[in-house]
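**Q**
There are 2 protein chains.
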Amino acid sequence: MPKIVDRAERRREIAGALLRIVAREGVEAVSVRSVAAEAGVSGGAVQKYFSTKEDLFRFALDMTSEFLEQRWKTLDQSGNLLDLLLRLLVEAMPLDEQRRAEVIVINAFTARAAVLPSWAEFIRTGYDELAEITAQYLSKAQSAGDVRDDLAAGDLADAVLALTDGFANRMLTSADPAALLPSLEASVRTLLAPRVQSSGCGRR
Amino acid sequence: MPKIVDRAERRREIAGALLRIVAREGVEAVSVRSVAAEAGVSGGAVQKYFSTKEDLFRFALDMTSEFLEQRWKTLDQSGNLLDLLLRLLVEAMPLDEQRRAEVIVINAFTARAAVLPSWAEFIRTGYDELAEITAQYLSKAQSAGDVRDDLAAGDLADAVLALTDGFANRMLTSADPAALLPSLEASVRTLLAPRVQSSGCGRR
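Protein sequence lines, in the order shown, are assigned to chains A and B.
Residue numbering for the first sequence follows UniProt numbering, beginning at 1 and increasing consecutively.
Residue numbering for the second sequence follows UniProt numbering, beginning at 1 and increasing consecutively.
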């Protein structure tokens with residue numbers, strides 16, 4: 001099926017061009033013309049591969065999740081699940097050009113979703129899925145004894161997502177983003193680490 | 001000085017019109033023409049009161065901080081400082097039209113700051129000031145015994161700001177924003193509450 005493969009590849013190239021424009025100049029710089037120029041194709045080609053601009057934006061946003069998932073797969077998955085979670089979170093922080101571009105894009109999408117109901121629905125679904133996956137992960141970590149189990153996994157997941165978003169956002173405009181990493185790590189550990197049992201006073 | 005007062009008031013009206021447009025249609029809908037129409041003045045009047053569009057944006061962003069400060073002043077300031085902090089944080093959440101507009105505006109500014117160095121500087125200064133004020137507050141709360149003192153006030157401030165931003169952002173596109181409040185409250189309390197002393201096993 002060379003034709004289908006080619007079509008998928010071409011769509012990725014065009015969406016990649018959109019992401020570069022958003023990361024460099026903001027979401028308002030996106031037009032069929034600017035994306036075509038960045039991708040090195042004609043405006044007609046952009047329209048052939050994406051029937052609407054919204055279609056193109058959604059595909060591009062999905063691509064940022066994929067990038068993150070791919071990086072996660074390269075991480076050492078062994079050992080303590082809280083440590084692994086922290087390694088995952090650092091992968092989502094804007095600490096190099098690629099990750100910076102992804103955070104800018106997600107940010108721009110969220111800002112736009114706030115004033116466009118159809119985008120809000122799309123962003124909301126993404127958030128809900130991420131919260132669900134995070135809660136499942138935390139529940140597993142609770143069973144393994146790597147994360148406190150006196151709070152619901154769902155509440156902990158909401159907190160972890162909020163911390164991740166908040167720190168990523170602040171790093172975007174920070175003069176030294178990496179300087180915020182210790183605070184991120186301390187927050188997540190403080191929030192999630194198993195409670196120390198009040199042992200040492202008699203038996204249970 | 002009626003003239004000066006009038007000038008200040010007119011600037012606030014124009015900036016208020018900009019904020020309404022951003023909250024309703026996004027930052028890309030802002031132009032001298034659209035702001036003038038929303039404010040019910042001429043384009044020339046907008047340019048008379050703000051020499052550049054950037055000037056107008058900055059003034060408008062400062063106004064959102066003022067709104068928040070005004071609401072904070074109306075809160076009961078007595079009692080436990082951790083409880084008071086939680087009441088302050090809820091005031092920053094997008095739970096009604098006014099607060100929703102403010103979060104949308106701050107979001108749009110942050111997204112834009114990511115691709116405009118002059119805006120980044122401005123947003124960064126705002127973040128740093130807020131982090132400083134929050135750390136001072138937390139330090140006072142630590143001295144009062146209302147907040148844990150085994151972690152640095154500065155790190156706790158970073159965490160509180162990140163949680164606030166992250167939850168506010170997620171509420172923007174959430175179908176039921178208020179449903180996230182218990183998670184916000186649980187996160188902040190878990191992170192900040194004084195550690196229980198391991199008492200009950202003999203005397204100290």
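For every residue, glycine included, the Cβ atom is placed at its ideal position computed from N, Cα and C.
With L18 (chain B) and A60 (chain B) assumed to form a contact (beta carbons below 8 Å), what rounded beta-carbon distance in angstroms separates them?
**A** Between A60 (chain B) and L18 (chain B) the Cβ distance is about 5 Å, and since that is below 8 Å, they are a contact.
**Q** Within this structure, are the beta carbons of I104 (chain B) and A111 (chain A) separated by less than 9 Å?
**A** Their beta carbons are under 9 Å apart, which means I104 (chain B) touches A111 (chain A) by this criterion.
**Q** Under 9 Å Cβ-Cβ, which residues of chain A neighbour L80 (chain B)?
**A** The sequence given here places Asn at residue 80 (chain B); Leu does not occur at that position. Per Cβ cutoff of 9 Å: no residues; N80 (chain B) is ~20 Å from chain A at best.
**Q** Please look up how many angstroms separate the CB atoms of A159 (chain A) and T173 (chain B), rounded, as I've assumed it's under 8 Å.
**A** 18 Å between Cβ atoms; not a contact.
**Q** Of all the residues that make up the segment 157-172 of chain B, which are near chain A by a beta-carbon distance shorter than 8 Å?
**A** Taking 8 Å as the Cβ-Cβ cut-off against chain A, the residues of the segment 157-172 of chain B that qualify are D158, A159, L161, A162, L163, T164, D165, G166, F167, N169, R170, L172.
**Q** Would you call Q142 (chain B) buried or exposed, if buried means 16 or more other Cβ atoms sit within 10 Å of its Cβ?
**A** With 16 or more other Cβ atoms within 10 Å, it is buried.
**Q** Between the Cα of V32 (chain A) and the Cα atoms of A:E25, A:T52, A:G26, A:R20, which residue gives the shortest distance?
**A** Among A:E25, A:T52, A:G26, A:R20, the Cα nearest to that of V32 (chain A) is on A:T52.
**Q** Just the chain B side, please: which residues come within less than 7 Å of G16 (chain A) by C-beta, in chain order?
**A** Those do not exist, as G16 (chain A) stays about 17 Å from chain B at its closest Cβ, beyond 7 Å.
**Q** What's the call for R87 (chain B), buried or exposed, on a 16-neighbour Cβ count within 10 Å?
**A** Classification for R87 (chain B): exposed.
**Q** So that I know if they touch, is there some Cβ in chain B lying closer than 9 Å to that of P194 (chain A)?
**A** For P194 (chain A), the answer is no, since every Cβ of chain B falls outside 9 Å of its Cβ.
**Q** Take the Cβ of V22 (chain A) as the centre, count every other Cβ of all protein chains shown within 10 Å, and call the residue buried at 16 or more, exposed below.
**A** Under this definition V22 (chain A) is a buried residue.
**Q** Taking a cut of 7 Å between CB atoms, which residues from the segment 100-114 of chain A lie near chain B?
**A** Under the 7 Å Cβ criterion, the segment 100-114 of chain A contributes I104, N107, A108, T110, A111, R112, A113, A114.
**Q** With the cut-off set at 9 Å, would you say G126 (chain A) and S34 (chain A) are in Cβ contact?
**A** Their beta carbons are not under 9 Å apart, which means G126 (chain A) does not touch S34 (chain A) by this criterion.
**Q** Could you list the residues in the segment 39-72 of chain A with a C-beta less than 8 Å from some C-beta on chain B, going in chain order?
**A** Cβ contacts with chain B come from no residue of the segment 39-72 of chain A.
**Q** Quick one: what does DSSP say D6 (chain A) is sitting in, helix, strand or coil?
**A** D6 (chain A) falls in the helix class under three-state DSSP.
**Q** Does the beta-carbon distance from R99 (chain A) to A108 (chain A) come in below 9 Å?
**A** No.
**Q** Between the segment 120-138 of chain B and the segment 132-151 of chain A, do three or more beta carbon pairs fall short of 8 Å?
**A** No: the two stretches stay apart, fewer than three of their Cβ pairs being nearer than 8 Å.
**Q** Should R170 (chain A) and L156 (chain B) be called a contact, given that it needs their Cβ atoms to be closer than 9 Å?
**A** No, the Cβ-Cβ distance between R170 (chain A) and L156 (chain B) is not below 9 Å.
**Q** Mind reading off the beta-carbon distance from Q148 (chain B) to A193 (chain B)? Whole number of angstroms is fine, and I expect it under 8 Å.
**A** The sequence given here has Arg at residue 148 (chain B), not Gln. With a Cβ gap of about 6 Å, R148 (chain B) and A193 (chain B) count as contacting.
**Q** So, at 7 Å on beta carbons, what are the nonlocal neighbours of E13 (chain B) in its own chain, with the 5 sequence-adjacent residues on each side left out?
**A** Hits under 7 Å: A39.
**Q** Using the three-state DSSP reduction, which class does R195 (chain B) fall into: helix, strand or coil?
**A** If DSSP states are grouped into helix, strand and coil, R195 (chain B) belongs with coil.
**Q** Report the three-state DSSP secondary structure of P117 (chain B) (helix, strand or coil).
**A** Three-state DSSP puts P117 (chain B) in a helix.
**Q** Using three-state DSSP, classify G44 (chain A) as helix, strand or coil.
**A** The answer is helix: DSSP assigns G44 (chain A) an H, G or I state.
**Q** Who are the neighbours of Q120 (chain B) on chain A, taking C-beta pairs under 7 Å?
**A** Looking at the sequence provided, one finds Ala at residue 120 (chain B) rather than Gln. Here the neighbours are T173.
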